[in-house]
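Asks: I'd like to ask some things about the structure below.
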Amino acid sequence: MTLRQPFLHDLAVVLRAPTQVWSAPNGDVDGSGVQGAFFGDHRVLRGLGVDVQDAEGAVELASAGASLRPDGSVDFHTVVRWQDGTADPLGALTRHRVAHPGGFGERIVISASLPRPIEVTLTVRLVPDNTPLNLIKAGVEAARPVTLQGNGWTFGAGASATLDAPAATIEHDEAITLRWRLTLPAFGQVAAQWSLALRDPATPFVGSAAAPLAAPALTNASSSLARLVAQSLADLSSLRLCERNEADRTFFAAGAPWFLTLFGRDSLIAARLLLPADTEMAVGTLRTLAGRQGTAVDVDRAEQPGKILHEVRAATLDLQQGTVLPPEYYGTVDATPLWVLLLADAVAAGVDPVAEGLMDGLHGALTWLRDHSDPDGDGFAEYYDTSGHGLANQGWKDSGDSIRFADGRVADGPIALVEVQGYCYAAAIAGAELLARFADDPAGAAFWRDWAARLKARFDEQFWVSDAHGRYPALALDRQKNAVTGVASNMGHLLGTGLLDADQEALVVSRLMSPEMFSGYGIRTMSTDNVAYWPTRYHVGSVWTHDTAMIIDGMLRAGFDAPARTLAEGLLRAAEGFDYRLPELLGGQSADEVFPPLPYPASCRPQAWAAASGITVARALGAL
0 MTLRQPFLHD
10 LAVVLRAPTQ
20 VWSAPNGDVD
30 GSGVQGAFFG
40 DHRVLRGLGV
50 DVQDAEGAVE
60 LASAGASLRP
70 DGSVDFHTVV
80 RWQDGTADPL
90 GALTRHRVAH
100 PGGFGERIVI
110 SASLPRPIEV
120 TLTVRLVPDN
130 TPLNLIKAGV
140 EAARPVTLQG
150 NGWTFGAGAS
160 ATLDAPAATI
170 EHDEAITLRW
180 RLTLPAFGQV
190 AAQWSLALRD
200 PATPFVGSAA
210 APLAAPALTN
220 ASSSLARLVA
230 QSLADLSSLR
240 LCERNEADRT
250 FFAAGAPWFL
260 TLFGRDSLIA
270 ARLLLPADTE
280 MAVGTLRTLA
290 GRQGTAVDVD
300 RAEQPGKILH
310 EVRAATLDLQ
320 QGTVLPPEYY
330 GTVDATPLWV
340 LLLADAVAAG
350 VDPVAEGLMD
360 GLHGALTWLR
370 DHSDPDGDGF
380 AEYYDTSGHG
390 LANQGWKDSG
400 DSIRFADGRV
410 ADGPIALVEV
420 QGYCYAAAIA
430 GAELLARFAD
440 DPAGAAFWRD
450 WAARLKARFD
460 EQFWVSDAHG
470 RYPALALDRQ
480 KNAVTGVASN
490 MGHLLGTGLL
500 DADQEALVVS
510 RLMSPEMFSG
520 YGIRTMSTDN
530 VAYWPTRYHV
540 GSVWTHDTAM
550 IIDGMLRAGF
560 DAPARTLAEG
570 LLRAAEGFDY
580 RLPELLGGQS
590 ADEVFPPLPY
600 PASCRPQAWA
610 AASGITVARA
620 LGAL
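Numbering (numbering that gives the first Met the number 0), first residue to last: 0 to 623.
Here's what the structure looks like:
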């Protein structure tokens, strides 16, 4: 069976986690692909349409497009031509759609430039659904019917959807029809509204009630940069979730539509990129993940003591073709050192880890790094799915074909990723400093400094390779400890970690800024020289926004301000082509060839670490 993930680049979205609504640009929903309204991991509505009639019957409606408001709501504009014998379209219909953590709704305004009042009938038709999100993502399942109950229906297990439509007549058979009979005044307007309240006690998280993230003060920012930062913060605000009954455990859901839940790696990276503008999300993310830190060895869940988890779902997640993940899944090799790095950066920003109750999480993370990150004892952090049904690749490039040699061959696991060694080195150094400063543990600090020094020596011996363009760090070590020679963006995550010396960092920067790697919009995931390169291959040629942002961050930490600025200018140019909402990933085509950048059609948007990249762009351009 071939899985066909739906495309969504040309759809409109209204989002406030855990609610999201995907529609055509005219606001209608036809249930194809990902179109529909979702709550948590279920699609609850697969059809939504609006119709208007005057006394003569149906009128002509012509979509005029959608406009995204700063608060994340969307206005859908429609031109109306009445049955009055006039050639001009003298009417308009605007649907203002807004989502909130407990549902969504619309305010529909009909207006006209007519010399006399007319009677109009407004109809809204909704088609309920209860299809699991993972089946829609796989493109393998048709919509599932539901049983209507009064003004609503049930979905999932014990979850409900309830309609509120003041002054409407409500009818239903297989769908629910809302009908208003309205008087449109001369040269005036009339409005109706409806809303859908959603409830699902099985969802592990609830939407955050916190105020929108505050915009930082920008210095000498262009209008484009200001728009990017504003959109980034609006998107991040819409992606916030928190633990039930624990509002201080707030984090960013990874992204819409597929990953609107807690992902260790994604939530950590998003909070870390945002840190120069906000520390509260960093603390909330650290608390949330420390509260779910591994406590035992569980092969099915890939859990180990001290390990930071990969993702949380309300139920077992069947990704089809043999990959089945339990509700709490720990299959990630990098989230644990990234937790330590976020903690260290938060402390540098003024957070007290003792007062915030984060030191136990630090001790647990370091325990995992020492006891479980290197299962075969070769001195490198690595991963391998021993359950038989987990993720084959457990770094951020987690597709099955992402780790490749220069000739395009896919490497066999266990895999020791290059960037993970940098994360672990930096986490060991940071952990040593935190232990010395906050735990009065000089022996522990000395252990981790020595551990880091040994890792650095091993890395220098085994990861550096050469090709016709010179030396560079290999993408990974494979099962046989051979260097995986693909030239990939992963090496850029080593910048600023301390694992490389100054000359080595200069080699990495030079390679990343080569035309084979830098598209003009961002750093490609794989060099154009690779046999398997393709600009819309998920991890083997596309450009990922956060990947480039993390490279920019590393360049700034390492003192490579000029190339960091060049990359930031590329991301800003890309943002201009996506209405300032940076996508999860985009095509790897050169900026000399295309503008706007070609989309990766199934890319998440908004997406947390892509949105947070706007803050990194502002830093590199000297505005923050």
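C-beta atoms are modelled at their ideal positions from N, C-alpha and C, and glycine is treated no differently.
So who's on the other strand from residue 472, going by DSSP bridges?
Replies: Bridge partners of residue 472: 463.
Asks: Helix, strand or coil for residue 250? Go by DSSP, reduced to three states.
Replies: Strand at residue 250.
Asks: Rounding to the nearest angstrom, what Cα-Cα distance links residue 279 and residue 235 in this structure?
Replies: Cα to Cα, the separation comes out at about 13 angstroms.
Asks: Hey, would you say residue 188 sits closer than 8 angstroms to residue 98, going by beta carbons?
Replies: No.
Asks: Measure the beta-carbon distance from residue 176 to residue 120 and round it to whole angstroms, keeping in mind my assumption that it falls under 8 angstroms.
Replies: Between residue 120 and residue 176 the Cβ distance is about 11 angstroms, and since that is not below 8 angstroms, they are no contact.
Asks: Please report the residue range of the beta strand (DSSP E) in which residue 129 lies.
Replies: 117-131 is the extent of the beta strand (DSSP E) around residue 129.
Asks: Would residue 230 and residue 520 be called neighbours here (beta carbons separated by less than 8 angstroms)?
Replies: Not a contact, by the Cβ cut-off of 8 angstroms.
Asks: Using only alpha-carbon positions, find the residue among 61, 85, 336 and 94 that is nearest to residue 72.
Replies: Residue 94 is the option with its Cα nearest to residue 72.
Asks: If the criterion is Cβ atoms closer than 8 angstroms, does the pair residue 39 and residue 199 meet it?
Replies: Yes; because the gap between Cβ atoms is below 8 angstroms, this pair is in contact.
Asks: So, at 6 angstroms on beta carbons, what are the nonlocal neighbours of residue 153 in its own chain, with the 5 sequence-adjacent residues on each side left out?
Replies: For residue 153, where only same-chain residues beyond five positions count, the Cβ hits under 6 angstroms are 159.
Asks: Between which residues of its own chain and residue 622 is the CB-CB distance below 7 angstroms, once the five residues before and five after are set aside?
Replies: Cβ within range, chain order: 217, 218, 219, 220 and 224.
Asks: Does the distance from the CB of residue 113 to the CB of residue 196 come in under 8 angstroms?
Replies: Against a cut-off of 8 angstroms, the Cβ pair of residue 196 and residue 113 comes out as no contact.
Asks: Apply the 10 Å Cβ neighbour rule to residue 388 and answer buried if 16 or more other Cβ atoms are within range, or exposed otherwise.
Replies: By the neighbour-count rule (16 or more Cβ atoms within 10 Å), residue 388 is not buried but exposed.
Asks: Taking only three categories from DSSP, how would you classify residue 538?
Replies: In the structure shown, residue 538 sits in coil (DSSP, three-state: anything other than H, G, I, E or B).
Asks: Is residue 241 helix, strand or coil when you go by DSSP?
Replies: Residue 241: strand per DSSP, three-state reduction.
Asks: Would you decide whether residue 529 is buried or exposed? Buried here means 16 or more other CB atoms lie within 10 Å of its CB.
Replies: By the neighbour-count rule (16 or more Cβ atoms within 10 Å), residue 529 is buried.
Asks: Mind checking which residues open and close the beta strand (DSSP E) that includes residue 19?
Replies: It spans 18-22 - the beta strand (DSSP E) in which residue 19 sits, taken as one unbroken run.
Asks: Can you tell me the Cα-Cα spacing of residue 181 and residue 174, whole angstroms?
Replies: Approximately 22 angstroms between the Cα atoms of the pair.
Asks: Quick test of the definition: if touching needs 3 or more C-beta pairs under 8 angstroms, does the segment 202-213 touch the segment 546-557?
Replies: Short answer: they don't touch.
Asks: Which residues in the same chain have their Cβ closer than 6 angstroms to the Cβ of residue 406, if we skip the five residues on either side of it in sequence?
Replies: Once the five neighbours on either side are set aside, the close Cβ partners of residue 406 are 530.
Asks: Could you give the DSSP three-state label for residue 559: helix, strand or coil?
Replies: Note: residue 559 maps to coil in three-state DSSP.
Asks: Grab me the residues of residue 418's own chain with a C-beta within less than 6 angstroms of its C-beta, minus the 5 sequence neighbours each way, in chain order.
Replies: The answer, listed in chain order, is 489 and 492.
Asks: Across which residues does DSSP place residue 76 in a beta bridge pair?
Replies: DSSP, once it has assigned bridges, lists 64 and 93 as partnering residue 76.
Asks: Measuring CB to CB, does residue 129 end up less than 8 angstroms from residue 51?
Replies: Not a contact, by the Cβ cut-off of 8 angstroms.
Asks: Are the CB atoms of residue 365 and residue 430 nearer to each other than 8 angstroms?
Replies: Cβ distance < 8 angstroms, so residue 365 and residue 430 count as in contact.
Asks: Is residue 109 helix, strand or coil when you go by DSSP?
Replies: DSSP places residue 109 in strand when its eight states are reduced to three.
Asks: Look at the alpha carbon of residue 525 and the alpha carbon of residue 164, and state the distance between them as a whole number of angstroms.
Replies: Cα-Cα distance, rounded: 52 angstroms.
Asks: Sorted by chain position, which residues of the same chain lie with C-beta nearer than 6 angstroms to residue 577's C-beta, five sequence neighbours on each side aside?
Replies: So the list is empty, once near-sequence residues are dropped.
Asks: Apart from the five residues on each side of it in sequence, which residues of its chain come closer than 8 angstroms, Cβ to Cβ, to residue 354?
Replies: None.
Asks: For residue 532, which of helix, strand or coil comes out of DSSP?
Replies: Note: residue 532 maps to coil in three-state DSSP.
Asks: Quick test of your reading: residue 342 and residue 318, contact by CB under 8 angstroms. State the CB separation rounded to the nearest angstrom.
Replies: About 31 angstroms separates the two Cβ atoms, so there is no contact after all.
Asks: Are the CB atoms of residue 57 and residue 26 nearer to each other than 8 angstroms?
Replies: For residue 57 and residue 26, no; Cβs fall outside 8 angstroms.
Asks: Write down every uninterrupted run of the beta strand (DSSP E) in the segment 154-192 whose length is 3 residues or greater and which is fully enclosed by it, in chain order.
Replies: 158-163, 168-171 and 175-183, all fully within the segment 154-192.
Asks: Note down the Cα distance separating residue 162 from residue 13, rounded to an integer number of angstroms.
Replies: Those two C-alpha atoms are separated by around 18 angstroms.
Asks: From residue 534 to residue 485, what distance separates their C-alpha atoms?
Replies: Near 16 angstroms, if we compare the C-alpha coordinates of residue 485 and residue 534.
Asks: Is the distance from the Cβ of residue 464 to the Cβ of residue 473 below 8 angstroms?
Replies: Yes, the pair counts as a contact, with Cβ atoms nearer than the cut-off.
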